[in-house]
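Following: one structure in structure tokens, then a few remarks.
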Amino acid sequence: MPALVGDSYHGMPIANGTEAQVGYEKLMTNPPDKEQLTKDMLAYCKQDTKAMVDILAVLKEAVKP
4 MPALVGDSYH GMPIANGTEA QVGYEKLMTN PPDKEQLTKD MLAYCKQDTK
54 AMVDILAVLK EAVKP
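What follows is the structure, given as structure tokens:
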């Protein structure tokens, strides 16, 4: 992602898909840190979605005639 759009997950509490999966599993057990974990998961999902949109824009620009 950084090579195409400059964004990254560096420094985020949840910084990759595996960590997001583990976080989701933790949320199912109603952990004491549920509120913070929910915020961290939403921040990761927001960044992940933004990355997909930005990458698509770069790729569309690259194939313009």
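Heads up, the sequence shown is in my numbering, so the first residue is 4 and it goes up one at a time. By construction, the Cβ of each residue, glycine as well, lies at the ideal position given by its N, Cα and C atoms.
- Of all alpha-carbon atoms in L59, K53 and Y47, the one lying nearest the alpha-carbon of T21 is that of Y47.
- Judged by DSSP in its simplified three-state form, T52 adopts helix.
- Here Y12 really is in contact with A18; their C-beta atoms are around 4 Å apart, less than 8 Å.
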